Amino acid sequence: MTLDRMAPLEPVIGVIGTGYLGTTHAACLAELGYDVVAQDQSPERVARLAAGELPFYEPALAELVRRHTASGRLRFTHDVADLAAVADVHFQCVGTPQAGEGMAADTSQVFAAAEGLAACLERDALIVGKSTVPVGTTEALVAAVTRRAAPGIDVEVAWNPEFLREGHAVDDTLRPDRLVLGVSSAEAEKILRQVYVDVIRDGAAVVVTDPATAELVKVAANAFLATKITFANLMGELCEAAGADVTTLAESIGLDPRIGHQFLGAGLGFGGGCLPKDLRALIARADELGVGHARRLLGVVDEVNESQRTRTVETAVELCGGSVAGVRIAALGAAFKPGTDDVRDSPSLAVAARLRDLGATVTVYDPHANDNARAAEPDLCFAATAQDACRDASLVVLLPEWEELVRLDPGELSAYVAVPRMLDARNALDPQRWQLAGWEHRGFGRSSDRAQPSAGSRVSEMELMQ
Ligand code: UGA
5 MTLDRMAPLE PVIGVIGTGY LGTTHAACLA ELGYDVVAQD QSPERVARLA AGELPFYEPA
65 LAELVRRHTA SGRLRFTHDV ADLAAVADVH FQCVGTPQAG EGMAADTSQV FAAAEGLAAC
125 LERDALIVGK STVPVGTTEA LVAAVTRRAA PGIDVEVAWN PEFLREGHAV DDTLRPDRLV
185 LGVSSAEAEK ILRQVYVDVI RDGAAVVVTD PATAELVKVA ANAFLATKIT FANLMGELCE
245 AAGADVTTLA ESIGLDPRIG HQFLGAGLGF GGGCLPKDLR ALIARADELG VGHARRLLGV
305 VDEVNESQRT RTVETAVELC GGSVAGVRIA ALGAAFKPGT DDVRDSPSLA VAARLRDLGA
365 TVTVYDPHAN DNARAAEPDL CFAATAQDAC RDASLVVLLP EWEELVRLDP GELSAYVAVP
425 RMLDARNALD PQRWQLAGWE HRGFGRSSDR AQPSAGSRVS EMELMQ
């Protein structure tokens with residue numbers, strides 16, 4: 005396959021899939037000055053996006069979508085033939101969820117989208133995968149699209165993985181650290197360099213490689229971040245056993261530029277739609293490729309991460325004197341991390357649901373994720389403010405470290421709760437500040453939590469004095 009008949013100066017961009025990735029990519033390429041057509045098979049989603057309405061919360065994205073639907077540079081369609089008719093470069097942004105019971109990624113949407121597009125193409129095209137896929141996917145896709153494209157139509161498949169974080173999607177797309185271009189021809193590289201010309205001029209590093217390496221770079225990055233978090237959690241466990249402090253430990257080792265401070269936050273562990281499923285997909289692929297060490301290391305990372313949720317629930321039970329049955333608990337936060345309304349594989353929501361299953365009355369408040377959390381766990385109670393969630397609670401659990409929650413005033417919150425007892429599942433609070441305001445504070449692996457009288461015992465002492 006060769007694309008030497010196409011190298012338009014201003015390529016028209018097609019985007020397939022309008023989830024987080026596709027919508028952000030489409031809006032950002034429109035912002036960079038391209039004409040963009042984004043396709044999604046759901047007519048309802050297309051109608052909402054065309055009206056400038058986002059189906060999820062993502063700072064700055066709605067404004068960008070509205071600006072460029074108004075400018076005419078961004079259009080949405082449910083018909084892939086509309087893309088085939090006008091676009092030169094087709095970014096593929098569909099989902100690759102965990103497949104059924106197993107750990108592998110389900111790539112069926114990737115194949116269906118590429119084959120559907122190839123069947124409609126009337127001119128040469130470059131398909132650029134952005135979804136996170138198992139290594140080897142591009143190779144299989146090339147064979148699939150070649151079978152579907154009409155004779156005489158040249159289609160190349162390249163892989164250009166995305167590293168955006170939810171909550172920072174627009175900024176990460178317009179100002180990424182790096183662009184990884186997994187290409188099979190100089191022409192494809194030229195086209196992609198042209199698409200990203202402004203991003204490269206603004207300082208993004210460019211790595212040009214083969215598609216298989218590009219596919220692996222993405223899963224390796226997520227697996228490394230997951231491993232770093234799990235390492236911090238293992239150190240937290242050691243600190244807890246030894247009476248040391250994991251936040252000071254992380255701060256100190258992070259000062260070494262080879263280690264760095266990010267993703268060393270010990271606590272509830274990672275969740276969301278990416279890190280857990282990408283880690284598992286890599287384990288499955290390592291298995292298929294017969295790479296045992298990778299499988300074992302990453303398997304432990306997944307296992308330790310899952311155990312952090314159990315550990316958080318067990319700590320809550322311990323703080324409540326051995327049982328949470330009948331206890332009112334405030335769960336502050338439900339999203340898998342701050343800055344998003346996404347509750348997919350959310351450790352926060354999992355903890356809230358398990359406490360409810362153990363008989364607690366759990367009231368959740370999240371600044372943006374209450375609706376999604378209610379849809380996923382309708383049996384939990386929900387409050388419109390943090391203070392309402394804390395009313396008469398005997399335990400407050402801080403889950404994702406939303407700025408709004410971290411800034412809560414312990415003195416003011418004392419007036420709402422039955423017992424001033426805080427389980428800080430993200431080590432996000434200043435223990436001394438909460439202790440000075442009369443709260444029992446429990447973090448994870450924090451020496452400052454040792455030897456403080458429990459709030460429960462203070463309450464019983466007060467009751468005795470009355
Ligand atoms: C992650 C990657 O960071 C992105 O680079 C990647 O593009 C994206 O997945 C993807 O594959 O699409 P995201 O899922 O938005 O982005 O979330 P992160 O910011 O990576 O956080 C993941 C989880 O790790 C959250 O649950 C967070 O609370 C947790 N975390 C993070 C910790 O438990 N400790 C930390 O120190 C940092």
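For the sequence shown, counting from 1, position 69 maps to 73 in this note's numbering; every step adds exactly one. All C-beta atoms, glycine included, are put in the ideal place defined by N, C-alpha and C. Note that this is a predicted model, so its numbers are computed, not measured.
What are the start and end residues of the alpha helix (DSSP H) that includes residue i?
i: Ile287; result: Leu279 to Leu293
i: Ile157; result: Neither: Ile157 is in no alpha helix (DSSP H) and is coded neither H nor E.
i: Arg378; result: Asn374 to Ala380
i: Glu444; result: Not the alpha helix (DSSP H): Glu444 falls in the beta strand (DSSP E), residues Glu444 to Arg446.
i: Arg437; result: Pro435 to Leu440
i: Ala116; result: Ser112 to Cys124
i: Ala354; result: Pro351 to Asp361
Using beta-carbon positions only, say whether residue i and residue j come within less than 8 angstroms of one another.
i: Pro371; j: Glu408; result: yes
i: Asp92; j: Gln43; result: no
i: Gly330; j: Gly363; result: yes
i: Gly343; j: Glu170; result: yes
i: Ala388; j: Val410; result: no
i: Leu121; j: Asn164; result: no
i: Gly21; j: Ala117; result: yes
i: Arg332; j: Ser256; result: no
i: Asp214; j: Gly247; result: no
i: Gly447; j: Ser350; result: no
Given this structure, state the Cα-to-Cα distance separating residue i from residue j, to the nearest angstrom.
i: Gly442; j: Leu323; result: 16 angstroms
i: Ala109; j: Thr136; result: 9 angstroms
i: Arg425; j: Thr319; result: 12 angstroms
i: Ala123; j: Gln96; result: 15 angstroms
i: Val221; j: Ala227; result: 10 angstroms
i: Lys134; j: Ala270; result: 30 angstroms
i: Val421; j: Gly18; result: 53 angstroms
i: Ser461; j: Val368; result: Its pLDDT being 48, under 50, Ser461 is placed unreliably by the model, and the measurement read from it follows with that caveat. Ser461 and Val368: Cα-Cα distance of roughly 26 angstroms.
i: His72; j: Ala34; result: 6 angstroms
i: Thr251; j: Gly264; result: 14 angstroms
i: Glu126; j: Ala89; result: 7 angstroms
i: Gly23; j: Arg358; result: 29 angstroms
i: Phe235; j: Ile287; result: 18 angstroms
i: Met466; j: Leu384; result: Unreliable placement is indicated for Met466, whose pLDDT of 40 sits below 50; no coordinate value is reported for it.
i: Asp306; j: Arg77; result: 42 angstroms
i: Asp291; j: Asp396; result: 50 angstroms
i: Val347; j: Val132; result: 28 angstroms
i: Val308; j: Leu272; result: 10 angstroms
i: His297; j: Val423; result: 48 angstroms
i: Arg315; j: Val321; result: 10 angstroms
Along the chain, where does the beta strand (DSSP E) containing residue i start, and where does it finish?
i: Tyr369; result: Thr365 to Tyr369
i: Ala425; result: Residue 425 is actually Arg in this sequence, not Ala. Note, Arg425: beta strand (DSSP E), Arg425 to Asp428.
i: Gly133; result: Ala129 to Gly133
i: Val41; result: Val40 to Gln43
i: Arg454; result: It is not in any beta strand (DSSP E) - Arg454 carries neither H nor E in the DSSP assignment.
- Let me know the beta strand (DSSP E) ranges lying completely inside the region 184–262, each 3 residues or longer, listed in chain order. 209–213
- Message: Can you confirm whether the region 238–253 touches the region 188–208 when touching is taken to mean that 3 or more C-beta pairs between the two stretches lie within less than 8 angstroms?
- Response: no
- Query: Should the region 393–411 be regarded as contacting the region 333–349, the criterion being three or more beta carbon pairs within less than 8 angstroms?
  - Reply: yes
- Contact between the region 188–201 and the region 155–165: three or more CB pairs below 8 angstroms? yes
- Query: At what residue ranges does the region 11–90 contain a whole run of the alpha helix (DSSP H), taking only runs of 4 or more?
  - Reply: 24–35, 47–54, 65–75 and 84–90
- Message: Under 8 angstroms: do the region 170–180 and the region 59–66 share three or more Cβ pairs, one atom per stretch?
- Response: For the pair of segments examined, the region 170–180 was found to touch the region 59–66: the number of CB pairs separated by less than 8 angstroms reaches three.
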